[in-house]
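Just so you know, my numbering puts the end of the sequence shown at 191, numbered straight through with nothing missing.
Below is one structure, written out as structure tokens; the observations come after it.
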Amino acid sequence: MNAEHRYTDDGRYIVVNGRRWRATDPEIPPDLKSELVGELMWARRQIKTAGDSARPRVHEAKIALGERGEPWWEPTDKGRRRRAEAVINALLRARDGGPVCALEIARILSGADPEVLVSLVESVIRNRLRDQAWVLCRIGDELCVRWPPDDGGG
38 MNAEHRYTDD GRYIVVNGRR WRATDPEIPP DLKSELVGEL MWARRQIKTA GDSARPRVHE
98 AKIALGERGE PWWEPTDKGR RRRAEAVINA LLRARDGGPV CALEIARILS GADPEVLVSL
158 VESVIRNRLR DQAWVLCRIG DELCVRWPPD DGGG
């Protein structure tokens, strides 16, 4: 950011020019955060060329980062499910179609103890297969998703 900014004492918000914005979830592992931020920046650049049609992509990347949607410091089952969908879509875009594995998604949602959320993430994947352009795949024993061959996905 070019403007001066600071975090609130609780670390939940950043303040830029007197305006408070929700901070990115600090528990997202750096490698995955980098991919999500890259997707967000790409989507923001698309607004300049594609206009408002790119705004849903920005919104989804911000949900994945914890900057929108339910607060990352007060997660609920419903909020985690919505965020898991956003994470999957954002990472699929960042990776040109995948794959994105359940444990990676759980690491973003929980930080310290991702194993606890793997079953929730797998449930989200299975429940959303008919609505999303996702294809199941496995890497080792892990459930993953990717876009179908020859699908731009978004």
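Virtual Cβ for every residue (Gly too), placed ideally from N, Cα, C.
Note that this is a predicted model, so its numbers are computed, not measured.
Cα separation between residue i and residue j?
i    : j    : result
W79  : H42  : 23 angstroms
E97  : R117 : 13 angstroms
L73  : D168 : 22 angstroms
Y50  : R57  : 6 angstroms
D133 : D46  : 38 angstroms
S90  : A127 : 16 angstroms
T86  : R120 : 27 angstroms
L102 : I65  : 8 angstroms
Do residue j and residue i come within 8 angstroms of each other at the CB atom, strictly closer than that value?
i    : j    : result
V172 : R165 : no
V158 : A131 : no
P63  : G48  : yes
T61  : E104 : yes
I125 : I100 : no
So is residue i buried or exposed if we call it buried at 16+ other beta carbons inside 10 Å?
i    : result
E152 : exposed
V161 : buried
N54  : exposed
G88  : exposed
R177 : The sequence shown places Gly at residue 177, not Arg. G177 should be labelled exposed.
R175 : exposed
S156 : exposed
S71  : exposed
R94  : buried
R144 : buried
Tell me the DSSP bridge mates of residue i?
i    : result
W58  : I51
P180 : The question names Pro, yet the displayed sequence has Leu at residue 180. Partner(s): R175.
H42  : V53
V137 : V182
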